[in-house]
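K.L.:
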Amino acid sequence: MIDIKYGLLLPWTFRLLAACAIILGLSAWQTNPWVTIVIGVVGFFALVAHEGTEINPENKTYREYTSFFVFKTGRFKSYAEIELIFINRAKESQQMYTAHTTHSSTFENMVYNAYLKFSNGEKIHLQKTKDKERLMTKLKPLCDTLGVDLIDNT
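Taking this note's numbering, the leading residue of the sequence shown gets 4, the next gets one more, and so forth.
Right under this line is the structure:
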C-alpha cells in the first residue's frame, strides 16, 4: 500500500483555535473532567486531521481519503492501469484588504501541482508545493515503485 499525504485538512486558524480550546479545556479539569476530555479529543482530531491518497498496486485500487488520527474515510476505487505522473505549474493569487481603507494588495505565488493519470483519463491531485525540486524528489520513488514516467510540464 502506497500512502501519499496531501497535507493538513484544516487551515492554520482552525488548528490554532483547536490548540487554544485544548489549553482552555484543561482549566475545567477540576470542576468537570468530562468537558476537558471531550474538548481535548475534538481538539486533537482537529490538529492531526489530514488528507491524502492511498494506492494498492497489487489489487489495482486507490482511494482519496480524509484521516482523523488513524481513522481514514474514503472508498476504494479500481483502476486498469496508471499511465503517468505529471507536474504542472500554476499561479496562485490572494487579494488582501486593509482594515480601515479600501486599499488592497495582491500576492502571487508560483506553485507546482503533481497529478496521477489513469488509463481511462481520470486524474487525481497528489501534491502541491512551491519547491519544484522537493516535489520531484518526493515523486521519484513513487514513479519507480509504480513503474511509470514522471513528466515535467513546467
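Virtual Cβ for every residue (Gly too), placed ideally from N, Cα, C.
Since we're looking at a predicted model, the values are computed, not measured.
#1: Does the pairing of the stretch 42–49 with the stretch 12–26 give three or more beta-carbon distances under 8 Å?
#2: With H, G and I counted as helix, E and B as strand and the rest as coil, what does DSSP make of ASP147?
#3: By the three-class DSSP mapping on this structure, what secondary structure does GLU54 have?
#4: Between the beta-carbon of PHE89 and the beta-carbon of LYS120, is there less than 8 Å?
#5: Within a Cβ cutoff of 7 Å, which residues of the same chain sit near SER81, ignoring the five residues on either side of it in sequence?
#6: Figure out for me which residue from LEU142, GLY55, PHE71 and LYS126 has the closest Cα to the Cα of ILE85.
#7: Since PHE17 is in the alpha helix (DSSP H), which residue starts that stretch and which ends it?
#8: Taking ILE58 as the reference, which of LEU13, LYS94, LEU145 and VAL38 has the closest Cα?
#9: Note down, in chain order, each residue of its chain lying with its Cβ closer than 6 Å to the Cβ of ILE25, except the 5 sequence neighbours on either side.
#10: Between the beta-carbon of LYS135 and the beta-carbon of GLU111, is there less than 8 Å?
#11: Using the C-alpha atoms, what's the distance from MET99 back to LEU138?
#12: I need the DSSP call for GLY10, collapsed to helix, strand or coil.
#13: Grouping DSSP H, G and I as helix and E and B as strand, with all else coil, what is PHE48?
#14: Would you tell me roughly how many angstroms separate the C-alpha atoms of GLU61 and LEU13, rounded to the nearest one?
#15: Only counting the same chain, and skipping five residues up and downstream in sequence, which positions put a Cβ closer than 7 Å to that of ASP155?
#16: So for LYS126, helix, strand or coil by DSSP?
P.N.:
In this structure, then:
#1: Touching, per the Cβ criterion.
#2: Helix at ASP147.
#3: If DSSP states are grouped into helix, strand and coil, GLU54 belongs with the strands.
#4: Taking the C-beta atoms as reference points, LYS120 is found nearer than 8 Å to PHE89.
#5: The answer, listed in chain order, is LYS63 and THR64.
#6: Of the candidates LEU142, GLY55, PHE71 and LYS126, the one whose C-alpha sits nearest the C-alpha of ILE85 is LYS126.
#7: Counted as a single uninterrupted DSSP element, the alpha helix (DSSP H) harbouring PHE17 occupies residues 15–29.
#8: When only C-alpha atoms are compared, the closest one is LEU145.
#9: The answer, listed in chain order, is GLY43 and GLY46.
#10: Taking 8 Å as the cut-off, the Cβ atoms of LYS135 and GLU111 do not count as close.
#11: Take the alpha-carbon of LEU138 and the one of MET99: they are about 28 Å apart.
#12: Strand at GLY10.
#13: Reduced to three states, the DSSP call for PHE48 is helix.
#14: Taking the straight line from one Cα to the other gives about 32 Å.
#15: Closer than 7 Å at Cβ, skipping near neighbours: ILE90.
#16: If DSSP states are grouped into helix, strand and coil, LYS126 belongs with the strands.
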